[in-house]
Amino acid sequence: MASTSTSPKTKKTSQTGTRTLRIVLASVGALLVVVVIGFIWVAHRRANNWLAGMPQRLGVDIQQETNGFTYSQSSKGRKIFTLHASKEVQRKDGKIAFHDVGIVLFGPDGQATDRIHGQDFELDQKAQRMTAQGEVYIDLVPPQGAVAKGDEESRTVHVKTIGLDFDQKEQMATSDGAVEFRTSGYAGNAVGASYDAKNGVVVMRSAVRMSGLRNEKPVVLTAARAEMDRETNLVDLQQAKYVSAGERGSTSAAAMHAVVHTSKDGTPERVDAEGNVTLTSDSQRRGTVVSNRLELELGPKGQARAAHLFGNVRYASDETGKRAQGHAEDARISFDELGRPVRSLMTGSVTFLEQGPASLRTLDAATVDVALGGGGKAPTVVRSAQAFGPDGARLKLLDETAKGKSSTDVKADRLSGRFALGAKGTELAGLDGTGHSRVERTATTPAGAVISKDTSTGETLKVDFTPGEKNRSELSRAEQRGGVVTVHEALNKKGVTEVEHGRAEDSVFEADGNVLHMTGAVEVQDEQSALFADRVDVDRGTGDATANGAVKVTYVAESSSRSAQEPVHVLAARAVEHKSTGLAEFFGDANAKARMWQGASQVEAPVIDLYRNDKRMVAHGDAGSDALAVRAVLVGASSDAKKKANGPMRVTSREMVYTDSARTVEFTGGVKAVDQDGTLTSNEATVWLTSDKADQPVKDGANAFMGGKIDHMIATGAVMIDQPGRKGTGEKLVYTASDGVFVLTGTKAVPPKVVDVAQGSTTGVALRFKTGDDSVEVVGSENGKTFGRVRSETRMRQ
Numbered sequence: 008m009a010s011t012s013t014s015p016k017t018k019k020t021s022q023t024g025t026r027t028l029r030i031v032l033a034s035v036g037a038l039l040v041v042v043v044i045g046f047i048w049v050a051h052r053r054a055n056n057w058l059a060g061m062p063q064r065l066g067v068d069i070q071q072e073t074n075g076f077t078y079s080q081s082s083k084g085r086k087i088f089t090l091h092a093s094k095e096v097q098r099k100d101g102k103i104a105f106h107d108v109g110i111v112l113f114g115p116d117g118q119a120t121d122r123i124h125g126q127d128f129e130l131d132q133k134a135q136r137m138t139a140q141g142e143v144y145i146d147l148v149p150p151q152g153a154v155a156k157g158d159e160e161s162r163t164v165h166v167k168t169i170g171l172d173f174d175q176k177e178q179m180a181t182s183d184g185a186v187e188f189r190t191s192g193y194a195g196n197a198v199g200a201s202y203d204a205k206n207g208v209v210v211m212r213s214a215v216r217m218s219g220l221r222n223e224k225p226v227v228l229t230a231a232r233a234e235m236d237r238e239t240n241l242v243d244l245q246q247a248k249y250v251s252a253g254e255r256g257s258t259s260a261a262a263m264h265a266v267v268h269t270s271k272d273g274t275p276e277r278v279d280a281e282g283n284v285t286l287t288s289d290s291q292r293r294g295t296v297v298s299n300r301l302e303l304e305l306g307p308k309g310q311a312r313a314a315h316l317f318g319n320v321r322y323a324s325d326e327t328g329k330r331a332q333g334h335a336e337d338a339r340i341s342f343d344e345l346g347r348p349v350r351s352l353m354t355g356s357v358t359f360l361e362q363g364p365a366s367l368r369t370l371d372a373a374t375v376d377v378a379l380g381g382g383g384k385a386p387t388v389v390r391s392a393q394a395f396g397p398d399g400a401r402l403k404l405l406d407e408t409a410k411g412k413s414s415t416d417v418k419a420d421r422l423s424g425r426f427a428l429g430a431k432g433t434e435l436a437g438l439d440g441t442g443h444s445r446v447e448r449t450a451t452t453p454a455g456a457v458i459s460k461d462t463s464t465g466e467t468l469k470v471d472f473t474p475g476e477k478n479r480s481e482l483s484r485a486e487q488r489g490g491v492v493t494v495h496e497a498l499n500k501k502g503v504t505e506v507e508h509g510r511a512e513d514s515v516f517e518a519d520g521n522v523l524h525m526t527g528a529v530e531v532q533d534e535q536s537a538l539f540a541d542r543v544d545v546d547r548g549t550g551d552a553t554a555n556g557a558v559k560v561t562y563v564a565e566s567s568s569r570s571a572q573e574p575v576h577v578l579a580a581r582a583v584e585h586k587s588t589g590l591a592e593f594f595g596d597a598n599a600k601a602r603m604w605q606g607a608s609q610v611e612a613p614v615i616d617l618y619r620n621d622k623r624m625v626a627h628g629d630a631g632s633d634a635l636a637v638r639a640v641l642v643g644a645s646s647d648a649k650k651k652a653n654g655p656m657r658v659t660s661r662e663m664v665y666t667d668s669a670r671t672v673e674f675t676g677g678v679k680a681v682d683q684d685g686t687l688t689s690n691e692a693t694v695w696l697t698s699d700k701a702d703q704p705v706k707d708g709a710n711a712f713m714g715g716k717i718d719h720m721i722a723t724g725a726v727m728i729d730q731p732g733r734k735g736t737g738e739k740l741v742y743t744a745s746d747g748v749f750v751l752t753g754t755k756a757v758p759p760k761v762v763d764v765a766q767g768s769t770t771g772v773a774l775r776f777k778t779g780d781d782s783v784e785v786v787g788s789e790n791g792k793t794f795g796r797v798r799s800e801t802r803m804r805q
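Just remember that my numbering sits 7 ahead of the position in the sequence shown, which is counted from 1.
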């Protein structure tokens, strides 16, 4: 174990053995098995060199003493070792027995270093085998100068074994008994050990265990078998497990097989593990990572530099109120100079699931890149994360409340997560998406029936979250840019699902008000209407909407029976729709009034209110204005006399009301009507419309919103009519479009009057005249009613 002459290689081994031990003990706790292997190898190597020359030296320079003998070996004037035994017995079988043996080995400086002692040793000179009966104690002392003065004892390795056997022919030292060791606060044991001097291999056969303190925290290393090859600088561990206790709980690492790569001085540089590699944290946030293989690179101080887990990598954690699990085919972790994790790159069918009491989070992507912070004494936290792949990335959030369930499904070519530090660590604060972004939000009843579903697609995405109760991360804002397309599905009061489609350049959803803001060439369509505007704001809760800038709306027929009808169109600067009441308000601006038309019928006004549920429309001016701001165009009907359509009638008034059920258009606040036959003014006027297909009044409202032609009209209050060659005044005028007949009436005090340039003036209780006819008929009675006296003034031609 130590030869009489010391080679340079042996010197180097003697000097570096304890230094290696010191470095290893200061390194990663998971590699503490190197300590065990290191001192067994050093001790057996030195003992081997001594035993190799023992047969030739027995009997030489032995000084027989009463209390024993002492043997010393020197080379070139330098003492190598000294052996002292209290008793030496030469037996007849050629074997020599030593009792109460003590061996001291000396370093190059002549100072005593390692010590070996035991009760009984036996040397078989013929078989070239030396065995120790009972216990053997080995003390490995660090070389002088390797440690601080006064610290030598604390850094000395103390070894105890039973039944040590050395075969000089095979250069093999073995012990079948227990091996114990302790140093620098560490203690360990194993059952059975061997050292192959020819190949430089040390084996601890079974039940390897080492425990102690690292960074003032308890650590334990166990292995079923440990082997070190000093030529290749490899340490091989079978069924290894390392456990470290901390302030937040314990952590452990285990594998069926682990190989430690060390430098020439024994410093661990890399660890390769395979077979159910398991990393576990038993803290408040319990977590486990399992993979088929692990490659770990270490720094000069034993700190982690890079880790590579691959082959069915699985992650699971369980803490109060939250469970999580994940999967990847490959995971790479990088560390800073202090060994704190800074980045984790996971690839290959990456999935992540987090389950809370009333929430569920899932992530799917081909690649997930996570930036980490903290580490050391502080907990490791997520700073940011990116998920991407050929099929993009998908994040789904499901929350459950007493009112039902809501889910948010986010997809994009690349998703980037933003995180904020919360009360329980980092929480998802936001999500950014680029490339084919898609957001789907669904609300269901507690039973699972869909109440509403909103889907939007675009090029880029920005989503913000706020922490909610029971570990929920609630969506607070979602912003999409670039060719946004939306679909809104919701149950109405009748239980029928209504579908609304939208397009815009950009959209922003504000969860606080449940409002969707759409800007840039906005289009919103449903089964009954189509809206175009520069900007549209939709309340997803009530269905109310506000449109601004170049507003255009088209209303189509509500049923198949109206499929042949022309649609209703509206132009406005601004529009407000109230879903529950069916009211749509349209506003003009300083440049143009709001305008509505169906076919040739149309109306212009500063404000147009359309009551879709009641099939009624109100047009009026600005509040407080008396101006005749409303302008309407009504389609004229054909007459019996000409059998052709009359021209349109243009009407101005302060207010106009159209009622579809009655097919009436009411003008109030002053009226002026102009058609091809003349001009009519009055305080008020009501027009009845016919259907499109027949010049008959319609009672079922088949033609909505001013469709059809004029059937008849009644004007009241200060009526004045001005036709070519004829003027009339009265209090009431009844016009029938089918025959072009006017009936003008007045009061007793002020009877009606018609002045004709050819016929003169005519008055009476009722005056009847016809479009295109110069005659004026004074009616004494009509429909069985007597009007009274008639007076006529005829103007003679000059």
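Just so you know, even glycine gets a beta-carbon here, dropped at the ideal spot from N, CA and C. All values derive from a computational prediction rather than experimental measurement.
About 6 Å separates the CB atoms of Ala744 and Asp718; that is less than 8 Å, so the two are in contact. Taking the Cα of Phe317 as reference, the smallest distance to any Cα among Gln332, Thr287, Gly355 is reached at Gly355. A direct Cα-Cα distance of roughly 58 Å separates Ala579 from Ser324. By the Cβ test, the stretch 626–641 is not in contact with the stretch 721–737, since fewer than three Cβ pairs between them sit closer than 8 Å. Counting C-beta atoms within 10 angstroms of its own C-beta, Leu482 has 16 or more neighbours from the protein chains shown and is therefore classed as buried.
Cβ-Cβ distances below 6 Å link Asp371 to Thr358, Arg401 in the same chain, with the five nearest sequence neighbours on each side left out; the list follows chain order. For Glu784 and Val614, the gap between their C-alpha atoms comes out near 42 Å. Here Pro758 is buried. Its C-beta has 16 or more other C-beta atoms within 10 Å. Contact between Lys102 and Asp131 holds, since their C-beta atoms are separated by about 5 Å, short of 8 Å. About 26 Å separates the beta carbon of Leu428 from that of Ser414, a gap too long to meet the 8 Å contact definition. Annotation: the continuous beta strand (DSSP E) that includes Lys679 extends over 671–682.
When the five nearest sequence neighbours on each side are left out, the beta carbons in the same chain lying within less than 7 Å of the beta carbon of Arg85 are those of Gly117, in order along the chain. For the 8 Å CB-CB criterion, Val148 and His124 do not form a contact. Distance from the Cα of Ile110 is smallest, within the candidate group His576, Thr181, His508, Arg122, for Arg122.
Rounded to whole angstroms, the separation of the alpha carbons of Glu691 and Gly676 is 7 Å. Asp406 counts as buried, since no fewer than 16 other beta carbons sit within 10 angstroms of its beta carbon.
In the three-state DSSP reduction, Asn499 falls in the coil class, being neither helix nor strand. The C-beta separation of Thr462 from Glu447 comes to about 5 Å, placing the pair in contact by the 8 Å criterion. Counting C-beta pairs closer than 8 Å gives fewer than three between the stretch 581–601 and the stretch 680–697, which falls short of the contact rule. With fewer than 16 other CB atoms across the displayed protein chains lying within 10 angstroms of its CB, Lys308 is exposed.
Bounds of the beta strand (DSSP E) holding Lys224 are 224–230.
In the structure shown, Asp203 falls within a strand segment according to DSSP collapsed to helix, strand and coil. Contact between Thr504 and Glu517 does not hold, since their C-beta atoms are separated by about 24 Å, which reaches or exceeds 8 Å. The straight-line gap separating the alpha-carbon atoms of Arg581 and Leu438 is approximately 33 Å. Straight-line spacing of the CA atoms in Ala185 and Val349 works out to 43 Å. Linking Thr588 to Ala669 through their CA atoms gives a straight-line distance of about 20 Å. Residue state for Gly437 is assigned as strand, using DSSP reduced to three classes. Under the three-state reduction of DSSP, Lys133 is assigned to coil, being neither helix nor strand.
Here Leu345 is exposed, its C-beta having fewer than 16 other C-beta atoms within 10 Å. Residue state for Val757 is assigned as coil, using DSSP reduced to three classes. Per the DSSP secondary-structure output, Ala378 pairs in a beta bridge with Arg350, Ser391. If you draw a straight line from the Cα of Thr285 to the Cα of Ser201, it comes to about 29 Å.
The residues Leu58, Met61, Phe128, Glu129, Leu130, Asp131, Asp172, Phe173, Gln175, in chain order, have a CB closer than 8 Å to that of Met137 in the same chain once the five nearest residues on each side in sequence are set aside. Taking C-beta separations shorter than 7 Å and ignoring five residues to either side along the sequence, the partners of Ala231 in its chain run Ser213, Gln245, Gln246, following chain order. For Leu617, the enclosing beta strand (DSSP E) has its first and last residue at 614–618. Spatial neighbours of His508 in its own chain (CB-CB distance under 6 Å, excluding positions within 5 residues in sequence) are listed in chain order as Val494, Gln532.
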